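Under the numbering used here, the letters of the sequence shown match residues 1089 to 1542, in that order. Every residue, glycine too, gets a C-beta built ideally from N, C-alpha and C. Being a predicted model, the structure only gives us computed values, none of them experimental.
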Amino acid sequence: LARRGNLTDRHGRIFATTRVAYRLFVDPQMVREPNTFSEHVGFALGINPAYIDKTIHDALIKRPGNRYVVISKRMTDEQVVKFDELMANPPAGKITGIAKEPILVREYPMGPLAGQIIGFTGFEGHGIEGLERQFEKIMAPQLGRVSYWRDTRRKPLWVEPAQYQAPQDGAGVRLSIDAIIQTLAEQHLAQAVTQYKAESGQMVIMSPKTGEILAMANFPSFDPTTYSKVESKLYRNRCVTDVFEPGSTFKPFVWAMATQTGAMRPGQEIDCTTSGVYRLPFGRRLRDSHAVGEVTWEQVLIKSSNIGMALAGMQMGETQSYNTVRSFGFGEKPGTLLPGEAGGLVTPRDKWTKYTLTSVPMGQEIAVTPLQITRAFCSFANGGILVQPTVRALNPNLPQDRVAIERRALSPEVADYTRQVLRRVVTEGTGRKANLKTYSLFGKTGTAQMASRT
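Below you can see the structure in the form of structure tokens.
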């Protein structure tokens, strides 16, 4: 039997594999002792004898003369051992009409770990969800074939060597996911969702230099082994399928581009008002969660001022602001090969209004996926490059596996400077609770809202 290829993590740990199991079936016409057959088999294998009798009876009612009645679709390893012992040493009178046949079964040794990414196969072994579906052509085994010469009466004569092709196992796929990092991500995500009583949560960990996704966690998770017992909505990898309004986590991208284009200058003083309320020329009222007064351009980001970011958007103008959104990959699919990948929601340039111009810098009137926002943040860590995300482990020694650079989002100087300011967000701004003694972190806090598709 040709087997389906394995799915492994970047270090060869197995997420999905195929092994040989056994199905138990009965040929009722070959059973010599029908009165005692079910008792001998049932007690030996731990199967209710009444179930065996009923299964055979029902099969014969539906199709008289049926010679293939499945008693167990998949025997346990213990049942296989006991069956072999039973057939080697049968009780008085041989037990006939029963046999086991090899079948291929898909197994997921790591259980629910990365379940939404891995997906699962159906009864016939074809990928239905996740990467099992995406890599179907690569991992699916090739069936064997044979052709032969026949005489005028269509009787087989002989087979030449070239006319026989043996079945071939499918190829394996090595993922960029690290099972250890994935485990830690899922544990901490579950803890946070439970602590704050959220409905769900997502986490993406990505290498800024290569674009390789090291972990992609969803909570609640599900076990591919028991996919038929859970709601289908749990199959969805919400890191790539679901969009949300990013809020203040979007501010660094507009802030960085405003700095690069000269719309705003390092150290420039910005009047965000001591009241925390600002009325724009066309009448819109903007509010900051806390009044910050007159601050530097850097403090606009550190203190997460809506007023300061809206003023920057007006200074940049609609065209430049729209180009900023697109330059960081928003509004397009990241191209990871993950099923159901969404491109987010970005208002077309010709439909921008003065409200859009002042909303987008605050992370409103736009919707992104967790993967998109992670990918864009990586440009601050790698010198301004927007890399191509991938779930397959890269081999830098192969030309086709080198880092795929989408485009340059920022100059190295502005990317580094933005990262330094985002570091201050963690040390003295809104993200102080995330600061660590072990590592120098940078980041941005934000409050997300569900996007409207209407």
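| message | Would residue 1352 and residue 1403 qualify as a contact pair, given that the criterion is a beta-carbon distance under 8 Å? | response | yes
| C-beta contact flag for residue 1222 and residue 1324 at 8 Å | Contact: no.
| request: Could you name the residues of the same chain whose beta carbon sits closer than 6 Å to that of residue 1189, not counting the 5 residues immediately before and after it, in chain order? | output: 1111
| Among all the DSSP beta bridges, which residues are the ones paired with residue 1244? | 1238
| Hey, how far is the Cα of residue 1503 from the Cα of residue 1313? | 44 Å
| Can you give the Cα-Cα distance for residue 1186 and residue 1197, rounded to whole angstroms? | 31 Å
| Rounded straight-line distance, which links the Cα of residue 1232 to that of residue 1466 | 46 Å
| query | Does the beta-carbon distance from residue 1358 to residue 1399 come in below 8 Å? | reply | yes
| query | Do three or more CB pairs link the region 1509-1522 to the region 1470-1489 at distances below 8 Å? | reply | no
| Looking at residue 1515 and residue 1392, is the spacing between their C-beta atoms short of 8 Å? | no
| message | So the candidates are 1130, 1437, 1173, 1183; which of them puts its Cα closest to the Cα of residue 1159? | response | For residue 1159, the nearest C-alpha among the options comes from 1130.
| said: Taking 6 Å as the limit between beta carbons, can you name the residues of its chain near residue 1542, skipping five residues before and five after? | reply: Because residue 1542 carries a pLDDT of 45, less than 50, the predicted location of this residue cannot be relied on, and no value is offered for it.
| said: What residue range does the beta strand (DSSP E) around residue 1294 cover? | reply: Residues 1289-1294.
| How would you label residue 1214, buried or exposed, when you count the other beta carbons within 10 angstroms and need 16 or more for buried? | Exposed, by the Cβ-count rule.
| request: Output the residue ranges of the beta strand (DSSP E) runs that lie fully inside the region 1377-1448 and measure 3 residues or longer, sorted by chain position. | output: 1382-1384
| query | In its own chain, which residues sit with a C-beta less than 6 Å from the C-beta of residue 1274, not counting the 5 before and 5 after it? | reply | Within the same chain, residue 1274 has close Cβ partners 1305.
| When the Cα atoms are used, what is the spatial distance from residue 1116 to residue 1148? | 9 Å
| Which two residues bound the contiguous alpha helix (DSSP H) that contains residue 1206? | DSSP places residue 1206 in the uninterrupted alpha helix (DSSP H) bounded by 1203-1206.
| field | Per-residue burial, residue 1163 [other beta carbons within 10 Å of its own, 16 or more giving buried] | value | Under this definition residue 1163 is a buried residue.
| Cα-Cα, which of 1295, 1307, 1272 is closest to residue 1284? | 1307
| task | Would you mind giving the Cβ-Cβ distance between residue 1226 and residue 1103, rounded to the nearest angstrom? I have them listed as a contact below 8 Å. | result | Actually they are not in contact, since the Cβ atoms of residue 1226 and residue 1103 sit about 15 Å apart, beyond 8 Å.
| message | I'd like the span of the alpha helix (DSSP H) that includes residue 1274, first residue to last. | response | Residues 1267-1283.
| Coil, strand or helix - residue 1188 by DSSP | strand
| Comparing alpha-carbon positions, which option in 1293, 1229, 1248 lies nearest residue 1238? | 1248
| query | Would you call the region 1281-1296 and the region 1455-1463 in contact, with 3 or more CB pairs under 8 Å? | reply | Yes, the region 1281-1296 touches the region 1455-1463.
| field | Residue range of the unbroken beta strand (DSSP E) whose run includes residue 1102 | value | First-last of the beta strand (DSSP E) with residue 1102: 1102-1114.
| request: Select from 1436, 1091, 1421 the residue whose C-alpha is nearest the C-alpha of residue 1429. | output: 1421
| task | Quick one: measure Cβ to Cβ for residue 1201 and residue 1106, integer angstroms, because I've assumed they're closer than 8 Å. | result | 18 Å between Cβ atoms; not a contact.
| If you run the structure through DSSP and keep just helix, strand and coil, what is residue 1356? | DSSP places residue 1356 in coil when its eight states are reduced to three.
| request: Report the partner residues of residue 1331 according to the DSSP bridge assignment. | output: None; residue 1331 has no bridge partner.
| message | Looking at residue 1498: is its Cβ nearer than 8 Å to the Cβ of residue 1356? | response | No, the pair does not count as a contact, with Cβ atoms beyond the cut-off.
| Which first and last residues belong to the beta strand (DSSP E) in which residue 1196 is found? | No beta strand (DSSP E) contains residue 1196, which DSSP labels as neither H nor E.
| task | State the DSSP-derived secondary structure class of residue 1097, mapped to helix, strand or coil. | result | In the structure shown, residue 1097 adopts coil according to DSSP, grouped into three states.
| field | Of the residues 1234, 1266, 1244, the one placed nearest residue 1252, counting alpha carbons only | value | Nearest of 1234, 1266, 1244 to residue 1252, Cα basis: 1234.
| task | Please report the Cβ distance between residue 1311 and residue 1199, rounded to the nearest whole angstrom; I am assuming they are in contact, meaning their Cβ atoms lie under 8 Å. | result | 5 Å
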